[in-house]
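Just so you know, we're using the numbering used here here: the sequence shown kicks off at 458 and counts up by one. Report on the following structure.
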Amino acid sequence: MSIRVVEVVDYDPNWKNTFETERVLLAKAIGINAVKIEHIGSTSVVGLAAKPVIDILIEVTDLKELDNVAENMEALGYLVKGENGIEGRRYFQKGGNQRSHHVHAFQTNDLHLYRHRAFKEYLIEHSEIASEYGVLKKEAAFKSDNNINAYMALKNNFIQKHEKIAIEWFGN
């Protein structure tokens with residue numbers, strides 16, 4: 458099994474197109490259950506360094522309906538991961554060990570939808586915080602020695618702090 462490389466790269470304007478292509482495929486695979494399909498995460502913030510993985514947030518009317526079309530997700534190359542540690546989520550990965558896409562799906566009104574949207578918009582509106590985050594992520598990737606858990610741990614305090622601020626800011 459090949460090692461998963463934890464790499465943070467400078468912003469790539471093509472990430473937007475990559476998301477848009479995938480959004481169309483996902484909309485077709487999920488159907489009318491998909492209320493909204495959004496580009497989230499660092500690749501959605503212009504200028505922000507990121508792991509080159511497209512994070513996608515899907516709001517659905519019914520998680521059971523989404524479970525019923527899991528084979529459509531598999532046909533697009535996604536690994537179906539269930540809740541994968543977050544209650545009320547459906548998580549999908551694409552791209553094998555070197556992930557290309559992560560899909561996080563939640564039912565309408567789930568607070569995780571709000572949390573993801575708030576953090577993204579906060580970083581877009583606060584470029585100095587986004588720059589700080591980009592530097593932190595590059596350092597974390599360097600220090601983590603391709604250990605994704607170490608990488609996540611090195612970012613955790615920043616995310617916890619700024620996510621709280623983002624949620625409050627987004628609500629106003």
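Positions of the beta carbon are idealized from the N, C-alpha and C atoms, including for glycine.
**OP:** May I ask you to list the residues that DSSP assigns as paired with Ile-513?
**Re:** Indexing the sequence shown from 1 puts residue 513 at position 56. Its beta-bridge partners are His-496 and Val-560.
**OP:** Please name the residue in His-569, Tyr-579 and Leu-482 whose C-alpha comes closest to that of Ser-501.
**Re:** Stepping through the sequence shown from its first residue, residue 501 is reached at position 44. When only C-alpha atoms are compared, the closest one is Tyr-579.
Original post:
Asp-567 to Ala-532, Cα distance in whole Å?
Top reply: Walking along the sequence shown from the start, residue 567 turns up at place 110. Walking along the sequence shown from the start, residue 532 turns up at place 75. Each residue's alpha carbon lies about 27 Å from the other.
Original post:
Sorted by chain position, which residues of the same chain lie with C-beta nearer than 7 Å to Ala-484's C-beta, five sequence neighbours on each side aside?
Top reply: Residue 484 sits at position 27 when you count from the first residue of the sequence shown. Hits under 7 Å: Ala-491 and Ile-494.
**OP:** Quick one: measure Cβ to Cβ for Ile-543 and His-569, integer angstroms, because I've assumed they're closer than 8 Å.
**Re:** Stepping through the sequence shown from its first residue, residue 543 is reached at position 86. Stepping through the sequence shown from its first residue, residue 569 is reached at position 112. That belief holds up - the Cβ atoms of Ile-543 and His-569 are roughly 7 Å apart, short of 8 Å.
**OP:** Measuring alpha carbon to alpha carbon, tell me which of Asn-474, Ile-497, Val-510 and Thr-478 ends up nearest Val-466.
**Re:** Your numbering for residue 466 matches position 9 in the sequence shown. Considering only alpha carbons, the answer is Val-510.
Original post:
Any contact of the region 545–556 with the region 521–536, i.e. 3+ C-beta pairs under 8 Å?
Top reply: yes
Subject >> Environment of Met-530 [buried if 16+ CB atoms lie within 10 Å] >> reply: As a position in the sequence shown, residue 530 is number 73, starting the count at 1. Buried, by the Cβ-count rule.
Original post:
Near Tyr-608, what residues of its chain come up, given a Cβ to Cβ distance below 7 Å and the 5 sequence neighbours on each side ignored?
Top reply: Sequence index remark: in the sequence shown, residue 608 carries index 151 (1-based). Hits under 7 Å: Val-463, Ala-597, Ala-598 and Ser-601.
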